[in-house]
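Chains as they are written, first to last, in UniProt numbering: chain A, 1 to 331; chain D, 1 to 507.
All C-beta atoms, glycine included, are put in the ideal place defined by N, C-alpha and C.
Notes follow once the structure below has been shown.
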Amino acid sequence: MSTDTAPEVQPAASSPVDGPSRVRRELVRFMPLLILGVLLVLLSLRNPDLLTQRSLLTMADSAAPLMVLAVGITVVILCGGIDLSIGALASFASVLTALWVPTMSSAVVVPVVLVCALAGVVQGWIHIAARVPSFIVTLGGMSLWTGLALAFSGASTIAVTDLGALRWAFTRVGGWPSAILVALGLVAVLGAVLRFTPFGRWVSSIGHAEPAARLAGLPVSGVKIAAFGISGACAGLAGVLLVARTFSGAPTLGDSLLLPAVAAVIVGGTAITGGHGGLFRTVVGALIVVLLRVGLSLIGVDAGFEPIFYGLLIIIAVTVTIDRSKVAVLK
Amino acid sequence: MTGSPPVLSVDGLTKRYPGVTALDGMSFEVRAHEVVGLIGENGAGKSTLLKSLVGLVTPDAGTIRVRGEAVRLRGVAHAGSVGIGMVFQEQSLVPNLTVAENILLGAERSAVRGGVYRWRTMTALAQEQLDKIGSTIDPRARTDTLTFAQRQMVEVAKVLTIEERIASEPVVLLDEPTSVLERDEIATLFAQIERLRKRASVVFVSHRLDEVLEVSDRVYVLRNGRVVAEVDPATVDATDLHHLLIGRESGGSHYHDEAQHDCDGAPVRLRVEKLSTGGCRDVSFDIRAGEVLGVAGVQGSGREDVCRALFGAIRASGGRVTLDDRPFRLGSPRAAVRSGVGYVPSERRTDGIVPPMSVAENLSMAHVGEVCAGPVLQARRERGLVEQWVRRLGIKTPSPQTPIGTLSGGNQQKVVLARWMIDDDLRLLILDHPTRGLDVGAKSDVYALIRDLAAAGCAVLLLSDTLEETIALSHRVVVMKDGEVVTTVETPKGAKPDPVVILEEMV
């Protein structure tokens with residue numbers, strides 16, 4: 001340490017800032033919107049009726065449960081975790097809804113969402129307290145909620161006859177399907193919480209750099225448990241919306257939505273490694289997933305082949321968005 | 001030693017990380033059958049150098065020559081194929097395999113036929129390697145049943161498998177091999193090194209001076225990523241070596257000595273009694289308000305454990321701590337922060353900052369309540385606060401919204417310090433190597449901030465990479481060795497002791 005003055009090392013503009021390069025990050029930010037636009041154009045060339053307000057709204061309506069699920073899991077993924085139980089939890093919620101409508105009527109949404117939020121909190125708590133990866137806890141949870149849904153429903157579909165009780169979820173308000181308004185309302189409320197309270201910063205700090213967040217004194221465990229609670233609550237709400245679409249609750253009703261929901265989050269540009277991303281991106285991602293589904297049926301692909309395409313979509317989107325600086329060992 | 005080229009020569013090796021120059025034109029050479037010692041303080045560049053020599057780090061500039069031929073190393077296996085092998089400090093054996101499997105891992109040769117292990121051949125081949133070092137370890141033993149010293153011998157045997165792959169003698173790098181060994185095990189290791197030099201060249205890296213002097217033919221002293229001296233152990237004076245190791249900063253003003261505030265008579269802020277963790281035992285000391293207390297010690301002295309346990313970052317197994325005469329429960333970092341304790345971690349990029357997030361978000365992180373009304377963030381109030389601190393600390397950033405990861409190390413560290421300084425009630429700040437990886441100018445700025453904090457009445461617990469820095473900044477220095485406090489040295493303004501006095505207590 002003699003008098004030699006080490007030159008101040010300023011990282012060059014091109015040097016990585018802990019994560020994907022600048023070009024990649026910009027690409028990840030705008031690509032989803034671009035893809036959405038291109039898809040709309042392509043689909044309307046094939047079928048001009050698609051761009052009518054009516055068909056767009058119908059499509060959006062069908063996207064509502066998916067969007068609600070995807071928004072919830074976004075919070076968990078931003079923290080750097082994953083919640084695989086949301087599809088099964090939504091199914092469980094649909095069963096509870098169908099069972100409880102006769103006694104509770106419209107108020108049924110409150111206890112169902114609370115029960116599912118609690119289910120999420122319990123999973124989050126186990127993840128934190130027992131130091132088990134969230135992937136494992138929620139994989140176990142997935143089976144657990146499916147089992148409970150089967151037990152409660154007697155392994156059969158329960159029809160809902162009191163249509164009035166859930167009318168709020170399948171009516172129209174000022175020409176808009178109410179389900180999509182519920183989903184957008186949720187996005188607005190949750191988006192505001194993430195944007196205007198410290199909670200959002202805590203979530204992304206934890207996702208980007210958990211050790212730094214912990215050593216700055218952030219309530220890391222509390223935030224993570226809350227994220228799983230939010231994810232659970234959203235799964236509950238999605239379950240109620242599913243019942244309003246099909247007028248029945250069934251123990252596997254929401255199961256097939258897990259993959260599209262995860263795909264929506266990742267295609268929207270949220271990194272599976274945590275930190276980078278946001279709710280608005282997930283909304284765009286959910287619209288892309290729905291448009292692709294419509295597009296597939298337009299070109300005559302059987303709905304039975306959809307899982308193939310979700311699988312490919314997730315792998316490709318993760319390849320583009322993953323933050324490899326955080327993955328020391330690939331497992 | 002002229003004629004044939006050195007077995008290994010390193011010329012002008014340079015490696016820069018954002019904000020840090022780890023290697024700054026490092027040059028040295030190793031000749032046949034020679035034991036070369038490398039010594040240097042933390043951050044001198046030892047570990048980056050070794051990683052470059054086995055291909056785990058790609059240098060930005062400079063050349064590595066093996067027997068006169070320049071090589072670009074691509075990894076441990078490639079380094080082995082040109083004759084360089086390393087015995088890692090954090091051992092690299094797979095615990096649930098046998099000794100034989102570990103020795104031949106990746107170099108099974110005839111021990112595998114048709115993809116299937118041939119156990120007898122494998123045991124025999126491994127025994128051959130163990131015989132080279134005269135070891136009596138059973139090649140069929142499971143590795144996790146061995147002691148640390150035995151596993152180290154297995155690593156040495158494993159490194160010697162390089163001999164079968166190359167035509168000439170290998171270079172064996174030993175990274176801090178004695179750090180967890182007992183005294184008699186160290187004697188065995190040294191005997192082994194003497195044996196090893198008959199068939200190889202050895203590079204011995206350690207921070208224990210006496211050991212390096214004992215085993216080495218020549219010693220290179222490293223500082224700030226370069227070789228500052230080459231000494232002959234037979235003639236060198238230990239005090240001279242200490243001075244070479246510590247170095248001299250350019251004059252007293254660097255540390256703002258004149259700004260050291262007098263804290264005699266100030267009340268005791270933090271009292272620690274018999275604090276124990278996994279790495280320290282019964283540590284007791286106290287810090288007055290406005291006092292900077294330095295903790296000196298080599299690697300393994302347990303000083304990091306003390307400060308991390310006080311902040312709740314690691315678990316304490318016992319001890320009583322009071323803060324302003326009130327019991328202070330050691331729990332989580334969150335609880336510590338709420339009691340008015342701050343912590344600047346040593347690993348800035350992973351533990352100190354959230355690189356992709358903005359300067360403003362990083363600065364208000366720990367005390368976000370200061371910029372909130374109820375649960376809602378007040379963007380304007382935050383901008384005002386951040387701009388005020390950016391000005392006050394001279395933080396060079398294009399804007400408060402710039403991701404902190406793009407700033408230089410010194411500016412990042414100022415933001416981390418500001419994170420704690422915005423709290424008016426900050427009572428104790430724990431600085432875990434606060435100037436690690438900073439350039440000279442940024443270090444000086446950080447020193448000035450530490451002086452200001454102390455003058456404002458905050459107690460400061462300081463761990464630093466260099467002794468000189470510790471002594472210059474502190475009012476008192478607690479010296480730790482092997483997990484215990486050995487002595488406390490007064491270091492008042494104008495009467496700073498010679499670092500060598502403290503160094504002799506440390507090692």
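D/ALA373 and D/ILE404 have their C-alpha atoms some 25 Å from each other. Identification of chain D residues near A/PRO198 by a Cβ-Cβ cut-off of 7 Å yields VAL368, CYS372 and LEU377, ordered along the chain. Beyond the five residues adjoining it in sequence on each side, D/GLY265 comes within less than 6 Å, by CB distance, of no other residue in the same chain.
The distance from the Cβ of D/VAL180 to that of D/PHE148 is about 6 Å, consistent with a contact at the 8 Å cut-off. Looking at D/ARG165, D/LYS132, D/ASP24 and D/VAL10, the one whose alpha-carbon comes closest to that of D/VAL30 is D/VAL10. A/VAL318: not part of any beta strand (DSSP E); member of the alpha helix (DSSP H) spanning 306 to 321, first to last residue. Comparing alpha-carbon positions, the option among A/PRO251, A/LEU257, A/LYS224 and A/PHE247 lying closest to A/ALA286 turns out to be A/LEU257. Of the other Cβ atoms in all chains shown, 16 or more fall within 10 Å of the Cβ of D/VAL415; this residue is therefore buried. With 16 or more other Cβ atoms inside 10 Å of its own Cβ, D/VAL386 counts as buried. Annotation for A/THR157: SER248 and ALA250 place their beta carbon closer than 6 Å to its own, counting only its chain and skipping 5 residues before and after. Taking a Cβ-Cβ threshold of 7 Å, none of the residues of chain D is close to A/HIS127; the smallest such distance is about 17 Å. Taking a 10 Å sphere around the C-beta of D/ASN362, we find 16 or more other C-beta atoms and assign the residue as buried. Following the DSSP letters along the chain, one finds D/ILE39 inside the beta strand (DSSP E) bounded by residues 35 to 39.
In the DSSP assignment, D/ASP217 forms no beta bridge with any residue. Under the DSSP assignment, D/TYR17 falls in the beta strand (DSSP E) whose first and last residues are 8 to 17. In the pairwise beta carbon analysis, the region 186 to 204 of chain D is classified as not touching the region 105 to 112 of chain D: fewer than three pairs are separated by under 8 Å. Boundaries of the alpha helix (DSSP H) harbouring D/MET506: 499 to 506, taken from the DSSP string.
Of all residues in the region 153 to 170 of chain A, none is placed with a Cβ closer than 7 Å to any Cβ belonging to chain D. About 11 Å separates the Cβ atoms of D/PHE28 and D/VAL228, ruling out a contact at the 8 Å cut-off.
Neighbours of A/ALA213 in chain D, taken as residues at a C-beta separation under 9 Å, are given in chain order as VAL354 and MET365. Listed in chain order, the positions of the region 93 to 109 of chain D with a beta carbon within less than 8 Å of a beta carbon of chain A would be empty, since no residue qualifies.
Pairwise C-beta distances place the region 263 to 279 of chain D in contact with the region 299 to 313 of chain D, as three or more of them are shorter than 8 Å. In chain order, VAL267, GLY268, GLY269, ARG281, VAL284, GLY285 and ILE288 place their CB closer than 8 Å to the CB of A/PRO32, counting only its own chain and leaving out the 5 sequence neighbours on each side. Beta bridge pairing from DSSP links D/ASP324 with no other residue.
Listed in chain order, the non-local C-beta contacts of D/LEU473 below 7 Å within the same chain comprise TYR255, VAL292, GLY294, TYR447, ILE450 and LEU462, local neighbours out to five positions each way being set aside. Note that the C-beta distance between D/GLY45 and D/THR14 is not below 8 Å.
Residue ranges of uninterrupted alpha helix (DSSP H) with 4 or more members are absent from the region 121 to 150 of chain D; none lies entirely inside it. Note on the region 232 to 317 of chain D: whole alpha helix (DSSP H) runs with a minimum of 4 residues are 238 to 246 and 303 to 310, in chain order. Here D/VAL87 is near D/VAL172, since their CB atoms are less than 8 Å apart. Distance from the Cα of A/GLY217 is smallest, within the candidate group D/GLY85, D/SER332 and D/ILE422, for D/SER332. For D/THR487, the uninterrupted beta strand (DSSP E) run begins and ends at 484 to 490, by DSSP.
When A/HIS208, A/SER134 and A/GLY164 are compared, the shortest CA-CA separation from D/PRO355 is found for A/HIS208. Across the structure, A/LEU40 and A/ILE206 are spaced so that their CA atoms are roughly 36 Å apart.
Between the alpha carbons of A/LEU139 and D/TYR343 lies a distance of about 37 Å. Taking 8 Å as the CB threshold, A/GLY217 lines the interface with chain D. Distance from the CA of A/SER91 to the CA of A/VAL240, rounded to the nearest whole angstrom, comes to 9 Å.
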